[in-house]
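Down below is the structure, laid out as structure tokens.
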Amino acid sequence: MSKTTNKANRRKPAQSKWAIAIEVTVILIFAVCAIVVACSLFLRPPEVDHKVPFDTAPSAETTGPSEATNEKGEPVETTLPVGKQEPVTYVRREGVYNFLIAGHDRVAVNTDVIILASFDTQNNSLNLVQLPRDSYSTYAWKNYHKINGVFPCALSQNGYDYKGAMKGFMDYLMQNMAIMLDYYVLVDLDILQEVVDLIGGVDINIPADMEYEDPDQDLVINLKAGRHHLNGEQAEGFVRFRAGYVQADIGRNDAQKIFMSAFLKQYKENLNLNTLTGTVEQMIKNVTTNLSVSDCVFFAKEALELDLGRVVMVNMPGSDILVTEGEYSSYFVLSRAGTLDAVNRFLNVYTEDITDSIFDRNLVFTNAANSQINAIYRTETKIAKEYIAEEVNQSGIYIPRT
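First residue of the sequence shown? That's 667 in my numbering, and the numbers climb one at a time after it.
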């Protein structure tokens, strides 16, 4: 037998168990380090803008006490007397992020869903404030004075750049409501069906029969009262239905609260790698946003920690009104004092309250020349009614029908 053959037949010395253990340990250490680095890159809290986006200088002039009243009919001081206004330094709280969420249908670009969301990741709480689409608002868009037209107005002014238009919409709300908004999310309704189907549908207690057809939008709604498991198409019909509600816009907002409560519950129970990647894919296809992928992963992870007992949903306070003002005669007029209260309780990212002297300083949410509109804006003080997602899931919401 040759030396070459002998060498080929020789066995390599077996590694000791200790050597194998050390190799495995080293590999595991490197793997853990890689995971930690990856998590630190994707789950790092997003950087926020600490610059205040609205004018904080007190108004040069005040009108003195307004005619606003509380629920007992007693006068409410809503402006500061001349000479006693002091500038306020607004310092941002850590871990609180605000979002503008808007949705439009397949035909028009009016934003018929407008939600202002405040996510406190330090305290695991979420506030969802619905701004009725018919809210009176003045801006340069012909004679249309409903807030759902601010986005298409900004769209035309920005050369039909959707991101630029959403930034314009966000700036409009920040400057006039004296709030901070970090992110915008413009949702095409296609994503609603896809994401609901992705998480396996939602369980919803439908308050009453819903029947409606709109051939122009290829929309057919046929839902029966009672608790049902809805797929994506049915859930979209539930969210969009408004016919037959005593307060059409507010009724639909309350139906959206029922949906959001059910969706959050189902999302938490069914989130996995498949649903997470599918959601991100749908956002890329159907959402216009300034959120990065890492931002989405961070907030998705934080959402899993949410206790539905700490998810609060409210409507901006105000009242419906019919006025004789051209073609558009039906409005929802915000209550100045009530809206300011809602801003401070549910949307304020700062350590100090927003003062009346800087809130809606340009009076864009009223029409001083229209006594009907101005009366609601000035005199009706309404405290926003709070709905807790956990309770809504259990008991639903009563929505008056005609």
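All residues carry an ideal CB built from backbone N, CA and C; glycine is no exception.
Residue burial classification, residue i (beta-carbon count within 10 angstroms, cutoff 16)
i, result
"residue 822", "exposed"
"residue 713", "exposed"
"residue 923", "buried"
"residue 918", "buried"
"residue 759", "exposed"
"residue 1055", "buried"
"residue 916", "buried"
"residue 800", "buried"
"residue 958", "exposed"
"residue 845", "buried"
"residue 1058", "buried"
"residue 999", "buried"
"residue 716", "exposed"
"residue 839", "buried"
"residue 980", "buried"
"residue 1074", "This structure gives no information on residue 1074, because the portion of the chain shown stretches from 667 to 1068."
"residue 900", "buried"
Opposing strand residues paired with residue i [DSSP bridges]
i, result
"residue 879", "886"
"residue 850", "766"
"residue 872", "892"
"residue 783", "765 and 794"
"residue 1067", "911"
"residue 985", "999"
"residue 1054", "978"
"residue 801", "998"
Straight-line Cα distance separating residue j from residue i
i, j, result
"residue 767", "residue 1037", "32 Å"
"residue 996", "residue 943", "42 Å"
"residue 777", "residue 812", "10 Å"
"residue 880", "residue 888", "12 Å"
"residue 752", "residue 1021", "10 Å"
"residue 731", "residue 983", "Because the pLDDT of residue 731 is 43, which lies under 50, any placement of that residue in the model is unreliable, and the number read from its coordinates should be weighed accordingly. Rounded to whole angstroms, residue 731 to residue 983 spans 20 Å at the Cα level."
"residue 941", "residue 865", "6 Å"
"residue 779", "residue 1044", "26 Å"
"residue 890", "residue 868", "15 Å"
"residue 1040", "residue 797", "19 Å"
"residue 947", "residue 810", "36 Å"
"residue 830", "residue 755", "29 Å"
"residue 896", "residue 921", "14 Å"
"residue 951", "residue 854", "9 Å"
"residue 949", "residue 862", "13 Å"
CB-CB length for residue i against residue j, believed under 8 Å
i, j, result
"residue 1001", "residue 1048", "5 Å"
"residue 1097", "residue 802", "Lying outside 667 to 1068, the shown extent of the chain, residue 1097 is not represented and no answer is given."
"residue 843", "residue 986", "Not really, about 20 Å apart at Cβ, beyond 8 Å."
"residue 1042", "residue 721", "Contact flag wrong, Cβ pair sits at about 25 Å."
"residue 1065", "residue 873", "5 Å"
"residue 782", "residue 1013", "6 Å"
"residue 852", "residue 954", "4 Å"
"residue 1127", "residue 847", "This structure gives no information on residue 1127, because the portion of the chain shown stretches from 667 to 1068."
"residue 787", "residue 761", "4 Å"
"residue 763", "residue 849", "7 Å"
"residue 937", "residue 790", "The pair is not a contact, with the Cβ atoms about 16 Å apart (cut-off 8 Å)."
"residue 1004", "residue 871", "Going by Cβ atoms, the distance from residue 1004 to residue 871 rounds to 29 Å, so no, they are not a contact pair."
"residue 977", "residue 930", "6 Å"
Quiz prompt | the segment 823–834 touching the segment 1004–1015, judged by at least three CB pairs closer than 8 Å | solution = no
Quiz item: Can you find at least 3 beta carbon pairs, one from the segment 907–916 and one from the segment 953–970, that sit closer than 8 Å?
Solution: no
Self-check item: Contact the segment 893–906 vs the segment 856–871: 3+ CB pairs below 8 Å
Solution: yes
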